[in-house]
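Engineer: Numbering of the sequence shown is given in the UniProt record's numbering, commencing with residue 1 and proceeding in unit increments.
Here a beta-carbon is modelled for each residue, glycine too, at the ideal position from N, C-alpha and C.
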Amino acid sequence: MKLLTCGQGVVRTSKKHCQTTRHCRESCWRVARPTCGSDGKLYANACRMKATNCGKHVFEVPMAFCVSQERTSGGEPCPTECSDQKEKLVCGSDENIYRNECEMKMLNCGANNRKIVKRVDMEKCKGKMSKCLKVKCPAEVDPVCGTDANVYTNPCLLKVATCLKGVQLAHFGNCTLLPRLETDCPDDSVSASHCRTTALCHEECPDTPAFVCGSDNRFYKNEKHVFVVPLKRCLSRFQYSGCARVCPPEYDPVCGTDDKTYSNKCFLEMENCRSRQTSWNLRRTNC
1 MKLLTCGQGV
11 VRTSKKHCQT
21 TRHCRESCWR
31 VARPTCGSDG
41 KLYANACRMK
51 ATNCGKHVFE
61 VPMAFCVSQE
71 RTSGGEPCPT
81 ECSDQKEKLV
91 CGSDENIYRN
101 ECEMKMLNCG
111 ANNRKIVKRV
121 DMEKCKGKMS
131 KCLKVKCPAE
141 VDPVCGTDAN
151 VYTNPCLLKV
161 ATCLKGVQLA
171 HFGNCTLLPR
181 LETDCPDDSV
191 SASHCRTTAL
201 CHEECPDTPA
211 FVCGSDNRFY
221 KNEKHVFVVP
231 LKRCLSRFQY
241 SGCARVCPPE
251 YDPVCGTDDK
261 TYSNKCFLEM
271 ENCRSRQTSW
281 NLRRTNC
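Printed below as a string of structure tokens:
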């Protein structure tokens with residue numbers, strides 16, 4: 001692949017770099033090193049992640065992005081953001097040096113095959129620190145993204161981070177923004193697979209006129225109406241096929257005979273259809 005051209009399905013990260021497809025033909029060792037991809041999926045290892053997503057812009061991110069429900073050794077949720085924390089170097093029991101305690105938790109959260117990493121006396125990391133910081137990096141700006149979801153000004157600074165805490169190259173260019181997960185779900189939440197269909201159906205639209213033209217060649221009073229009006233119009237004459245349903249977002253839990261709680265009766269009926277089993281609702285409450 002030429003340096004300045006990106007093939008179909010291959011993402012150009014900057015004028016200098018393309019996401020190559022060279023790794024698509026690589027055979028992966030059966031090494032179990034769970035890797036979290038930027039698509040929110042867990043892979044057996046980094047090689048498997050690259051091979052599975054050949055030509056797609058999927059890269060390694062901290063494990064916390066894939067195991068949001070995991071807990072740290074202190075019983076706290078896995079952090080996915082540490083930019084608001086002050087830099088206060090921490091020596092981990094794995095002999096790696098982290099920017100702060102938050103980063104230590106984030107980079108070691110959910111790693112089931114590893115020992116729990118705890119904070120230890122900084123003296124134990126002094127030798128490693130003096131060795132890693134001997135590298136003198138130029139001031140050139142050629143940003144790269146590390147597997148810790150941090151942007152490094154150039155590859156040399158990433159090399160220092162690799163020495164300090166084992167961070168690898170995720171991709172060239174600034175880190176691609178990742179969706180932040182909600183830590184608490186409201187009571188009226190519905191299955192995530194249905195959010196795109198119904199999320200904006202019941203929005204209150206402002207009456208302030210700021211006319212926009214929709215892709216259906218119709219004028220709408222403002223941008224909010226573009227989403228709300230067509231969805232309501234489509235859903236009113238939606239023809240269902242198979243088990244597909246667009247369930248209402250109202251949270252009216254029902255307990256099925258399979259001991260599972262469904263957001264409402266509609267979701268229970270859809271599951272019955274999919275599994276080809278009959279799970280009647282026992283009572284209108286959580287199981």
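#1: Going along the chain, which residues of its own chain have a beta-carbon closer than 6 Å to the beta-carbon of residue 31, five neighbours each way excluded?
#2: Beta strand (DSSP E) containing residue 37: first to last residue?
#3: Alpha carbon to alpha carbon, how far is residue 106 from residue 66?
#4: By how many angstroms is the C-alpha of residue 124 removed from the C-alpha of residue 158?
#5: Residue 127 lies in the alpha helix (DSSP H); which residues open and close that run?
#6: In this structure, what does DSSP give as the bridge partners for residue 172?
#7: Just to confirm, is the Cβ distance from residue 247 to residue 266 under 8 Å?
#8: Looking only at its chain, what residues have a beta carbon closer than 8 Å to the beta carbon of residue 163, apart from the 5 residues adjacent to it on each side?
#9: Out of curiosity, what's the CA-to-CA distance linking residue 58 and residue 109?
#10: Residue 95 by DSSP, collapsed to three states: which one?
#11: Does the Cβ of residue 166 have 16 or more other Cβ atoms within 10 Å, making it buried, or fewer, making it exposed?
#12: Compare the C-alpha of residue 146 against each of 139, 160, 140 and name the closest.
#13: Would residue 268 be called buried (16 or more neighbouring beta carbons within 10 Å of its own) or exposed?
#14: Grouping DSSP H, G and I as helix and E and B as strand, with all else coil, what is residue 30?
#15: With a 10 Å radius around its C-beta and 16 neighbouring C-beta atoms as the bar for buried, classify residue 251 as buried or exposed.
#16: Output needed for residue 141: all residues of its chain with C-beta closer than 7 Å, excluding positions within five of it in sequence on either side, in chain order.
#17: Residue 333 lies in the beta strand (DSSP E); which residues open and close that run?
#18: Taking 6 Å as the limit between beta carbons, can you name the residues of its chain near residue 94, skipping five residues before and five after?
#19: Helix, strand or coil, according to DSSP, for residue 89 in the structure here?
#20: Would you kindly work out how many angstroms separate the C-alpha atoms of residue 144 and residue 137, rounded to a whole number?
#21: Pull the bridge partners of residue 42 from the DSSP assignment, please.
#22: Report the CB separation of residue 38 from residue 61 in whole angstroms; it is logged as a contact under 8 Å.
#23: Specify, as a first and last residue, the run of the beta strand (DSSP E) that residue 254 falls within.
#24: Below 8 Å on the Cβ atoms is my guess for residue 100 versus residue 81; work out the distance and round it to an integer in Å.
#25: Where does the unbroken alpha helix (DSSP H) through residue 78 begin, and where does it stop?
#26: Would you kindly work out how many angstroms separate the C-alpha atoms of residue 90 and residue 48, rounded to a whole number?
#27: Residue range of the alpha helix (DSSP H) that residue 156 falls in?
#28: Note down the Cα distance separating residue 174 from residue 150, rounded to an integer number of angstroms.
#29: May I ask you to report which of helix, strand or coil DSSP gives residue 261?
#30: Report the rounded CA-to-CA distance for residue 98 versus residue 156, giving the unit in angstroms.
Structural biologist: Put simply:
#1: To locate residue 31, count along the sequence shown from 1; it is residue 31. When the five nearest sequence neighbours on each side are left out, the beta carbons in the same chain lying within less than 6 Å of the beta carbon of residue 31 are those of 45, in order along the chain.
#2: The sequence position of residue 37 within the sequence shown is 37, counting from 1. Unbroken beta strand (DSSP E) run through residue 37: 35 to 37.
#3: Your numbering for residue 106 matches position 106 in the sequence shown. Your numbering for residue 66 matches position 66 in the sequence shown. Straight-line spacing of the CA atoms in residue 106 and residue 66 works out to 11 Å.
#4: Numbered from 1 along the sequence shown, position 158 holds the residue referred to as residue 158. Numbered from 1 along the sequence shown, position 124 holds the residue referred to as residue 124. In this structure, the alpha-carbon of residue 158 lies about 23 Å from that of residue 124.
#5: Position 127 of the sequence shown, counted from the start, is the residue given in the question as residue 127. That run of the alpha helix (DSSP H) goes 126 to 132.
#6: Position 172 of the sequence shown, counted from the start, is the residue given in the question as residue 172. For residue 172, which the question treats as bridged, DSSP gives the partners 144.
#7: Within the sequence shown, residue 247 is the residue found at index 247, counting from 1. Within the sequence shown, residue 266 is the residue found at index 266, counting from 1. In contact: residue 247 and residue 266 (Cβ atoms closer than 8 Å).
#8: As a working mapping, residue 163 is identified with position 163 in the sequence shown. Taken in chain order, the residues that qualify are 128, 131, 132, 135.
#9: As a position in the sequence shown, residue 58 is number 58, starting the count at 1. As a position in the sequence shown, residue 109 is number 109, starting the count at 1. The straight-line gap from Cα to Cα measures roughly 20 Å.
#10: On the sequence shown, position 95 is the one that residue 95 refers to. Here residue 95 sits in coil by DSSP.
#11: Counting from one through the sequence shown, the residue named residue 166 turns up at place 166. Exposed, since its Cβ has fewer than 16 Cβ neighbours within 10 Å.
#12: Here the question's residue 146 lines up with position 146 in the sequence shown. That would be 160, whose Cα lies nearest to the Cα of residue 146.
#13: For the purposes of this step, residue 268 is identified with residue 268 of the sequence shown, where counting begins at 1. So residue 268 counts as buried.
#14: Taking the first residue of the sequence shown as 1, we reach residue 30 at position 30. Coil at residue 30, not helix or strand.
#15: Here residue 251 corresponds to residue number 251 of the sequence shown, with the count starting at 1. Exposed, since its Cβ has fewer than 16 Cβ neighbours within 10 Å.
#16: The sequence position of residue 141 within the sequence shown is 141, counting from 1. Excluding positions up to five away in sequence, the list reads 153, 154.
#17: The first residue shown for the chain is 1 and the last is 287, placing residue 333 beyond what the model contains.
#18: Within the sequence shown, the letter at position 94 stands for residue 94. Excluding residues within five positions, the ones whose Cβ falls inside 6 Å are 117.
#19: For this step, residue 89 is matched to residue 89 along the sequence shown. Correct three-state label for residue 89: coil.
#20: The sequence position of residue 144 within the sequence shown is 144, counting from 1. The sequence position of residue 137 within the sequence shown is 137, counting from 1. Rounded to the nearest angstrom, the two C-alpha atoms are 14 Å apart.
#21: For the purposes of this step, residue 42 is taken as the residue at position 42 of the sequence shown. Looking at the DSSP assignment, residue 42 forms a beta bridge with 36.
#22: In the sequence shown, the residue the question calls residue 38 occupies position 38. In the sequence shown, the residue the question calls residue 61 occupies position 61. Between residue 38 and residue 61 the beta-carbon gap is near 5 Å, inside 8 Å, which marks them as a contact.
#23: On the sequence shown, residue 254 is found 254 positions in, with the first residue counted as 1. Taken as a continuous stretch (DSSP letters only), the beta strand (DSSP E) holding residue 254 covers 254 to 256.
#24: Counting from 1 along the sequence shown, the entry for residue 100 is found at position 100. Counting from 1 along the sequence shown, the entry for residue 81 is found at position 81. Going by Cβ atoms, the distance from residue 100 to residue 81 rounds to 12 Å, so no, they are not a contact pair.
#25: One-based indexing of the sequence shown puts residue 78 at position 78. From DSSP, residue 78 is part of no alpha helix (DSSP H); its letter is neither H nor E.
#26: As a position in the sequence shown, residue 90 is number 90, starting the count at 1. As a position in the sequence shown, residue 48 is number 48, starting the count at 1. Our two residues, residue 90 and residue 48, have alpha carbons roughly 32 Å apart in a direct line.
#27: Looking up residue 156 in the sequence shown gives position 156. Note, residue 156: alpha helix (DSSP H), 155 to 165.
#28: As a working note, residue 174 is residue 174 in the sequence shown. As a working note, residue 150 is residue 150 in the sequence shown. Linking residue 174 to residue 150 through their CA atoms gives a straight-line distance of about 8 Å.
#29: Here residue 261 is taken as the residue at index 261 of the sequence shown, counted from 1. Residue 261: strand per DSSP, three-state reduction.
#30: Taking the first residue of the sequence shown as 1, we reach residue 98 at position 98. Taking the first residue of the sequence shown as 1, we reach residue 156 at position 156. Cα to Cα, the separation comes out at about 18 Å.
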